[in-house]
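Numbering (UniProt numbering), first residue to last: 1 to 473.
Beta carbons are placed, not taken as given, at the ideal position from N, Cα and C, and that holds for glycine.
Notes follow once the structure below has been shown.
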């Protein structure tokens, strides 16, 4: 049995009546109820012919049945295929073409996709239904067997399929669990599915979003505040874009801790959250789809000297590498290896670009530029290939952007090259444009452009879409 299933079983035994999940409709599901759903699905799907090694494409609402379905498939030794949700229908079709699933599992209106998409016409259709039952005696999957196939965000091309073995998920659990560990029961608002899995295995309560993560631009701070207050949220695991809303949402919920990642966490965002909740614990987590987590930083540990370094062009501090990961800097690029670092893609052709074999070690190229300081802490500089020539030297974006975000009236900014000329694009109060030009000139930047709205990534709306921005200038 995988580590996640084993620990989930332990949580069911220890906390049978504790709420495991609160879904977007407000429905509360206890641990014993979630386990009953797992067994019911596994029993029904086994009788429908799902066997070890079968790939099952999932199109379901993000609710308790989704996580019961994942556990049921792993119980059967099957592989769950999760499309990239930010890409919508295109992401689902891409996942089907790449993985060639044996079955398609849907809930609600997603079931109609089985009739309209040619990629799904010849596969078995599963629904999250079934009666509580003891499943047949089935051999547990081996640790090297694939438990899950997920996808990269697709911001630098078509999403790459990433297979995750049971051993990989177990290692990821061991890497993340210490960050979330708390002896007291918590109610965690979680926007990252992998952290919900960790919580389920740890016996904590997860509050799921009541909004679509693909439509974060439609969410309002008051809506976020209401959902947190209604469910008594004590901790939140959110991307920086939602932390911005959190800073605007007031301090009524019993929130005491925020974990944030999925995009750069700039110092002024931490300051805004602390201005509303002075005693709030903020933990910044750096990672990628292929390696989560890589490093973490407690906001309380950021010193005045650290801020001076960040504002002076030294990059963005993201903290010490987590236990169990090896990290090195090669030609400015951050590379990582370890048990919870993806060793290869479903299509081996993708490995040549992102994997480096060094004897028995496989290093993952993150695509992020960075450096390590004398304390062994990691600093981000920006994406590889985004450096810009300024006064004859190459400069990475964060060397300017972290400082520029402190200038009057700046909400977002991006340093890019337009026709080989350094350009600083700024979203904010246009009345401050003269001040921006003066500050930018001190960095050797002579072109400053005001943009009405900065284009952001589709997954978390926390990273600037630099290609779209460049195309618009």
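With a 10 Å radius around the Cβ and a threshold of 16 neighbouring Cβ atoms, residue 436 comes out buried. Under DSSP, residue 151 shares a beta bridge with 161.
Counting only the Cα atoms, residue 42 lies some 13 Å from residue 79.
Membership of residue 87 in any alpha helix (DSSP H) is not indicated, and neither H nor E is assigned to it by DSSP.
Rounded to whole angstroms, the gap between the alpha carbons of residue 195 and residue 421 is 41 Å. Secondary structure at residue 439: helix, using DSSP grouped into helix, strand and coil. If you draw a 10 Å sphere on the C-beta of residue 235, you find 16 or more other C-beta atoms in it, and that means buried.
The beta carbon of residue 332 sits closer than 6 Å to those of 369, all from its chain and outside the five residues before and after it, given in chain order. The alpha carbon of residue 266 has as its nearest neighbour, out of 217, 192 and 239, the alpha carbon of 239. In this structure, the straight-line span from the alpha carbon of residue 161 to that of residue 83 is close to 9 Å. Fully enclosed alpha helix (DSSP H) runs of no fewer than 4 residues occupy 267–276 and 304–309 of the stretch 256–323, in order along the chain. Counting along the chain, the unbroken alpha helix (DSSP H) around residue 241 starts and ends at 240–248. Counting the other CB atoms within 10 Å of its CB gives residue 262 a total of 16 or more, which places it among the buried residues. Counting every other CB atom within 10 Å of its CB across the protein chains shown gives residue 467 a total below 16, marking it as exposed.
Pairing residue 145 with residue 107 gives a Cβ-Cβ distance that is not under 9 Å. Excluding the 5 residues flanking it on each side, residue 219 has same chain C-beta neighbours closer than 7 Å at 211 and 245, in chain order. The Cβ atoms of residue 425 and residue 400 lie no closer than 9 Å to each other.
Per DSSP, the continuous beta strand (DSSP E) segment holding residue 390 begins and ends at 388–390. The shortest CA-to-CA distance from residue 310 to any of 378, 454, 258 and 113 is the one to 378. In this structure residue 102 touches residue 55 by the C-beta definition: roughly 6 Å separates them, less than 8 Å. Of the candidates 164, 313 and 116, 313 places its Cα closest to the Cα of residue 380. Rounded to the nearest whole angstrom, the CA to CA distance from residue 366 to residue 152 is 12 Å. CA-CA distance, residue 335 to residue 142, rounds to 28 Å.
Counting only the Cα atoms, residue 180 lies some 24 Å from residue 33.
The shortest CA-to-CA distance from residue 177 to any of 184, 159, 116 and 199 is the one to 199. DSSP, read as helix, strand or coil, puts residue 228 in helix.
One thing to note: residue 159 has its Cβ no nearer than 9 Å to the Cβ of residue 232. For the options 205, 405 and 445, the alpha carbon positioned closest to that of residue 21 is the one of 205. Pairing residue 354 with residue 290, the inter-Cα distance amounts to about 10 Å.
Relative to residue 214, the option among 61, 85, 445 and 359 whose CA is nearest is 85. A distance below 9 Å separates the beta carbons of residue 361 and residue 326.
Boundaries cannot be given for residue 192, as no beta strand (DSSP E) includes it and DSSP labels it neither H nor E. By the 16-neighbour rule on beta-carbons within 10 angstroms, residue 296 is buried.
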